[in-house]
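The block underneath contains the structure these notes are about, expressed in C-alpha cells.
In the working numbering, the protein residues as written are 10 to 125.
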C-alpha cells in the first residue's frame, strides 16, 4: 500500500481536489497510540490493487501535523478522533469511522456506492 502523506495544507487541498474524480481515504494516525498502530496495520494488510483502483489513500501523522488534523475537522465538520478514517468524495466527507470501527471492507463498500 502506498500512502500519500499529508504534511501541509496544500497536501490536504490536493486530496480534496482528487476527491472530485475518485474517493479519497484520509487515515489520521497517532504514532503514540497502540490502537492506531493496530488499525493502520490491519488496513494495510487488507489493502490490495482493487482498493487502490477505487480509492486514493492519504495518511496524516496527527502528532506531527496536528494543525492539519484541526483543519480537516473544520473543513468537514467531523470531530477529531484517533485513529480515524475519513472517506472524501466530491469535496465532502461521506463516511468516517474511528478506533475498532475502521474496516477495509466497509470503506470499500462505501466508496463503491459513490463510484457506481
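By construction, the Cβ of each residue, glycine as well, lies at the ideal position given by its N, Cα and C atoms.
Quick caveat: nothing in here was measured; it's all calculated off a predicted structure.
Looking at residue j and residue i, is the spacing between their C-beta atoms short of 8 Å?
i	j	result
residue 36	residue 69	yes
residue 91	residue 45	yes
residue 98	residue 56	no
residue 24	residue 64	no
residue 85	residue 95	yes
Could you work out which residue in the options is closest to residue i when comparing CA atoms only?
i	options	result
residue 118	26, 10, 23, 34	34
residue 74	97, 124, 40, 115	40
residue 11	87, 66, 84, 107	66
Expressed to the nearest angstrom, what Euclidean distance is found between the alpha-carbon atoms of residue i and residue j?
i	j	result
residue 116	residue 42	22 Å
residue 60	residue 30	15 Å
residue 87	residue 53	23 Å
residue 124	residue 62	11 Å
Three or more C-beta pairs below 8 Å linking the segment 13 to 20 and the segment 95 to 105: no
Within the segment 14 to 68, ranges of the beta strand (DSSP E) (whole runs, at least 3 residues): 33 to 38
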